[in-house]
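Participant: In my numbering, the protein residues as written are 1177 to 1573. The C-beta atom is built at its ideal place from N, Cα and C for all residues, glycine as well. First the structure, which I've put down as C-alpha cells, then a few questions once you've had a look.
Here you go:
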C-alpha cells in the first residue's frame, strides 16, 4: 500500500487502471499525476537547491531521506525489487514527499507462475559491487541489492555527494568511480586508499545511529548484502536523526545534530566561506511585511514625542523661517550665524536621509535593514523639531 495514500500523495507512479477500447482490447493505462515536484538532484545539490528549493534545510533533507526509506519499504513489502534506483527516478515536492517513477523497470514476480520479470538496467554509482560487470538481464535481484542503492541515495541527501569519492592516497592516478566502488574505497573504510576532501561533510555530523547504518552499508555490507541496513532500519535511524536536530541560534536555516555538539554549518562557513544552507530570499510579500514591521517598530516609540512636539509648536506659534535674501552680517554675531547655518543644514540633511530611508523600506528592498539607521534619524527629527525651529529664528532677535 502507498504509505502516503492518506494525504493523497502518490509515493510511486504505479498504473491505476487499464484503458480498453469498445472491443475490450487494452489500449493503455492510467497513471497518477505527480505535479509540483523536482528531481532528486535538485534537492541534494546545494547550488540547485538554493535556486529551486531555497527553504530546504538539513532537516528537510533528513525528512526526505526518511520518506524515501518508507516508500522503498512499502514497495519491498509487496514483493517488488526496484532495481534501478537513481536520482533521476525520484521526484520530491516542497513538503519533502518523494515519488518514485520509472516503475516499469521494477523486478516483478508473477504470483501465480513464479516467473520473474527482471530489471535489466543499472546506473553507475548505484549498482552494488557484487553486480558490477554482470548481465543484469540474467540475474534475479534481491532486496539486499536495493539496500545498497538506498544507502547511496541517503548519503547524497545528507552529505551532498557520493560516498565512494575523495582524495586518492594510493599509487598513480585515482581509479575510476566504479573501481573505487568495487574495491570499497570510501573515506571511512577499514583499508581505504582515499581520504575525505576539504569540502567533504564529515560522517560524525549525523546522528550516531545513522553513522552505524552507513558503516554497515559500505563496510560490512560491501560484499555481504544481508548485512546492509534494511529500509526499516534506515527509517528508524533517520527518525532518531530528525529528533536530534536542533535549530542554530545564529543562522536561521541551519540545523545540526545535538550529538555533534555545535553547528557544523556555521563552522564550515567560517572555515571555507561556503554556506550550504544560506538564508532563503524572502518573497515580495514577506519583504513588505518585514519592512512594515521595521517602520512600526521605529515609529512607535516616537508617537508620544511627536504629539508633544506638535502641541509645543501650536502653543508657542513657532515656524521655520527661511531667509528670502542674504542676511545682513552685522545683525548676527559669528556664533549665531554658525548656529543658524548648522540648524538649517542639519534639518535639510536629516530630512533627506529620512525620506530616502523611509522610501527604500516601503519599497521593501531585500537590504531594508541597511537603512534602519537613516529611518531612526528621520523619526528623531520629530523630537528635535522645536529646538531646530528656535535656532532658525535667531536672526530675528
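Check whether the Cβ atoms of residue 1404 and residue 1323 sit closer than 7 Å, and answer yes or no.
Facilitator: yes
Participant: Starting from the C-beta of residue 1331, find all residues in its chain whose C-beta is less than 6 Å away, skip the five residues before and the five after it, and write them out in chain order.
Facilitator: 1339
Participant: Three-state secondary structure (DSSP) at residue 1215?
Facilitator: Correct three-state label for residue 1215: strand.
Participant: In terms of residue numbering, what span does the alpha helix (DSSP H) encompassing residue 1269 cover?
Facilitator: Residue 1269 -> not in any alpha helix (DSSP H); beta strand (DSSP E) instead, spanning 1266-1269.
Participant: Who are the near neighbours of residue 1358 in its chain, counting only those whose CB is closer than 7 Å to its CB and skipping five residues on each side?
Facilitator: Counting only Cβ-Cβ distances below 7 Å, and skipping sequence neighbours, we find 1305, 1308.
Participant: Within this structure, are the beta carbons of residue 1268 and residue 1219 separated by less than 7 Å?
Facilitator: yes
Participant: Identify, in the order they occur along the chain, each residue of the same chain with its Cβ nearer than 6 Å to the Cβ of residue 1236, setting aside the five sequence neighbours on each side.
Facilitator: Taken in chain order, the residues that qualify are 1272.
Participant: Which ranges does the alpha helix (DSSP H) cover as unbroken runs of at least 4 residues, wholly within the segment 1317-1370, from first to last along the chain?
Facilitator: 1319-1335, 1353-1358
Participant: Which value, in whole angstroms, describes the spacing of the CA atoms of residue 1418 and residue 1352?
Facilitator: 34 Å
Participant: In three-state terms, what does DSSP make of residue 1394?
Facilitator: helix
Participant: Between the alpha carbons of residue 1388 and residue 1364, how many angstroms are there, rounded?
Facilitator: 11 Å
Participant: Give the straight-line distance between the Cα atoms of residue 1224 and residue 1215, rounded to the nearest whole angstrom.
Facilitator: 10 Å
Participant: Which residue from 1283, 1177, 1187 puts its Cα closest to that of residue 1291?
Facilitator: 1283
Participant: By DSSP's criteria, residue 1285 is part of a beta bridge. Which residues make up the other side?
Facilitator: 1292
Participant: Can you tell which of 1421, 1263, 1180 has its C-alpha closest to the C-alpha of residue 1337?
Facilitator: 1263
Participant: Taking 7 Å as the threshold (C-beta atoms), are residue 1302 and residue 1328 in contact?
Facilitator: Cβ distance < 7 Å, so residue 1328 and residue 1302 count as in contact.
Participant: What separation, rounded to the nearest whole angstrom, lies between the Cα atoms of residue 1453 and residue 1440?
Facilitator: 11 Å
Participant: Between residue 1342 and residue 1310, how many whole angstroms is the CB-CB distance? I'm expecting something under 8 Å.
Facilitator: Contact doesn't hold; Cβ gap of about 26 Å is too wide.
Participant: Once DSSP output is grouped into helix, strand and coil, what is the label at residue 1185?
Facilitator: In this structure, residue 1185 counts as coil in the three-state DSSP scheme.
Participant: Going along the chain, which residues of its own chain have a beta-carbon closer than 8 Å to the beta-carbon of residue 1448, five neighbours each way excluded?
Facilitator: 1374, 1375
Participant: Determine whether the beta carbon atoms of residue 1402 and residue 1420 lie at a separation below 7 Å.
Facilitator: no
Participant: Would you mind sorting residue 1368 into buried or exposed? The rule is 16 or more other CB atoms within 10 Å of its CB.
Facilitator: buried
Participant: Does the separation of the CB atoms of residue 1250 and residue 1333 fall below 7 Å?
Facilitator: no
Participant: For residue 1417, which of helix, strand or coil comes out of DSSP?
Facilitator: helix
Participant: Secondary structure at residue 1299, three-state DSSP: helix, strand or coil?
Facilitator: coil
Participant: Of the choices 1326, 1191, 1274, 1227, whose alpha-carbon is the least far from that of residue 1280?
Facilitator: With distances taken between Cα atoms, residue 1280 lies closest to 1191.
Participant: Using the Cα positions of residue 1366 and residue 1443, report the straight-line distance between them to the nearest angstrom.
Facilitator: 28 Å
Participant: Quick one: measure Cβ to Cβ for residue 1202 and residue 1274, integer angstroms, because I've assumed they're closer than 8 Å.
Facilitator: That pair is no contact at about 29 Å.
Participant: By the DSSP assignment, the alpha helix (DSSP H) with residue 1402 in it spans what residues?
Facilitator: Careful: residue 1402 lies outside any alpha helix (DSSP H) and carries neither H nor E.
Participant: Give the secondary structure of residue 1432 by DSSP, where H, G and I count as helix, E and B as strand, and everything else as coil.
Facilitator: strand
Participant: Assign residue 1180 to one of three DSSP states: helix, strand, or coil.
Facilitator: coil
Participant: In three-state terms, what does DSSP make of residue 1230?
Facilitator: coil
Participant: DSSP puts residue 1196 in a beta bridge; with which residues?
Facilitator: 1202
Participant: Output the distance between the C-alpha atoms of residue 1542 and residue 1424, rounded to the nearest integer angstrom.
Facilitator: Residue placement at residue 1542 cannot be trusted, given a pLDDT of 44 that sits under 50; the coordinates are not used to answer.
Participant: Under the rule that 16 or more other beta-carbon atoms within 10 Å means buried, what is residue 1239, buried or exposed?
Facilitator: buried
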